[in-house]
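> Residue numbers (my numbering), protein chains in the order written: chain F, 1 to 183; chain R, 1001 to 1098.
From the three backbone atoms N, C-alpha and C, an ideal C-beta is built for every residue, glycine too.
Since this is a predicted model, take the numbers as computed values, not measurements.
Dropping the structure in here first, questions after.
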């Protein structure tokens, strides 16, 4: 067990990596020209929605760093953090930093929207309805874009604070708080 | 420092974009030649409606007409038809009956 502080609880980590797998699988099954892939795509979508429901609940009742209240900051605070990033003077956060916190919110919302629109598109009522199909596709693409931003943010923050945040999401542990860090 | 962040972000978005733009082209292809020889979608739609189908959408996919509909039993179907003959094109699927 390395030194440091336990930040990401096991359920949060499982939810995170299940979502990673779901999005990856959704992407692959959407591109494959196979009927079986279409059905798999549907089930992957339901799995992602289940994870989102779990994560939402965990955001209220979960441990400290899993809670939305802990990491969703006001627009003003987020803007001032963004300015600090540009000035190369941002503090290290033990949990999510303000931009990362909003990335979590945006990703959850986008997975939910993509999942629900996909669900809609296989109901009798909306089956074959053009705008539903196009909406689902657009939301999927928007999700890939957000994932790209999220990865860029993780890479940047890891580099800025000399801390491997991908490993932190695997082990749950981050480096011990240092003076000037924000809890 | 700043440019590097944006470069990383751009590179990642750029890397993902072509994949997201690539569209699944569906389950069948038709060797259907020039478009002048095709029968109109309206005719296919009329034939299917006579069969008791509720046609929701007809579009081109892989040189075929791809139809989203509820069939005569009210089941969701995604079926392919040859645009010249309007004959069903098998997709090797048991869930999406042609």
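On the three-state DSSP scale, how would you describe residue 82/F?
Correct three-state label for residue 82/F: helix.
> Tell me whether residue 94/F sits in a helix, a strand or coil according to DSSP, three-state version.
Three-state DSSP puts residue 94/F in coil, outside helix and strand.
> Quick check: the Cα distance between residue 1081/R and residue 1054/R, rounded to an integer number of angstroms?
Computed Cα separation, rounded: 16 Å.
> Is the segment 84-100 of chain F touching the segment 43-57 of chain F, taking contact as three or more C-beta pairs under 8 Å?
The segment 84-100 of chain F vs the segment 43-57 of chain F: no contact.
> With which residues is residue 1060/R paired in a DSSP beta bridge?
Its beta-bridge partners are 1065/R.
> Counting only the same chain and skipping the five closest in sequence on each side, list residues whose C-beta sits under 6 Å from that of residue 14/F.
Result list for residue 14/F: empty, nothing under 6 Å.
> Determine whether the Cβ of residue 1070/R lies closer than 9 Å to any Cβ atom of chain F.
So yes, residue 1070/R belongs to the interface.
> Going by DSSP, which residues form a beta bridge with residue 1081/R?
Paired residues: 1065/R, 1088/R.
> Please confirm whether residue 5/F and residue 160/F have their CB atoms less than 9 Å apart.
Contact: no.
> Quick check on residue 1034/R: buried or exposed, where buried means 16 or more other Cβ atoms within 10 Å of its Cβ?
It counts as exposed.
> Measuring alpha carbon to alpha carbon, tell me which of 136/F, 70/F, 146/F ends up nearest residue 116/F.
Considering only alpha carbons, the answer is 136/F.
> Find the residues of chain R that neighbour residue 128/F, judging by a C-beta separation of less than 7 Å, and give them in chain order.
Neighbours of residue 128/F on chain R, chain order: 1056, 1057, 1068, 1069.
> Given a threshold of 16 other Cβ atoms within 10 Å of its Cβ, counted over all protein chains shown, does residue 1021/R qualify as buried or as exposed?
Caution applies to residue 1021/R, whose pLDDT of 39 falls short of 50 and renders its modelled position unreliable; the value that the coordinates give is listed next. Label assigned to residue 1021/R: exposed.
> Can you tell me the Cα-Cα spacing of residue 1074/R and residue 1085/R, whole angstroms?
Distance between the alpha carbons of residue 1074/R and residue 1085/R: 25 Å.
> Is the shortest distance between the beta-carbon of residue 19/F and the beta-carbons of chain R less than 9 Å?
Not closer than 9 Å to any Cβ of chain R, the Cβ of residue 19/F fails to qualify, so no.
> Would you check if the segment 100-117 of chain F and the segment 147-164 of chain F touch, i.e. whether three or more CB-CB distances between them fall below 8 Å?
A contact exists between the segment 147-164 of chain F and the segment 100-117 of chain F.
> Whose CA, out of 1068/R, 1063/R, 1048/R, lies closest to the CA of residue 1036/R?
The shortest C-alpha separation from residue 1036/R is found at 1063/R.
> Take residue 11/F and list the residues in its own chain whose beta-carbon comes closer than 8 Å to its own, dropping the five residues that flank it on each side.
Closer than 8 Å at the Cβ level, and outside the excluded window around residue 11/F, lie 54, 58, 62, 66.
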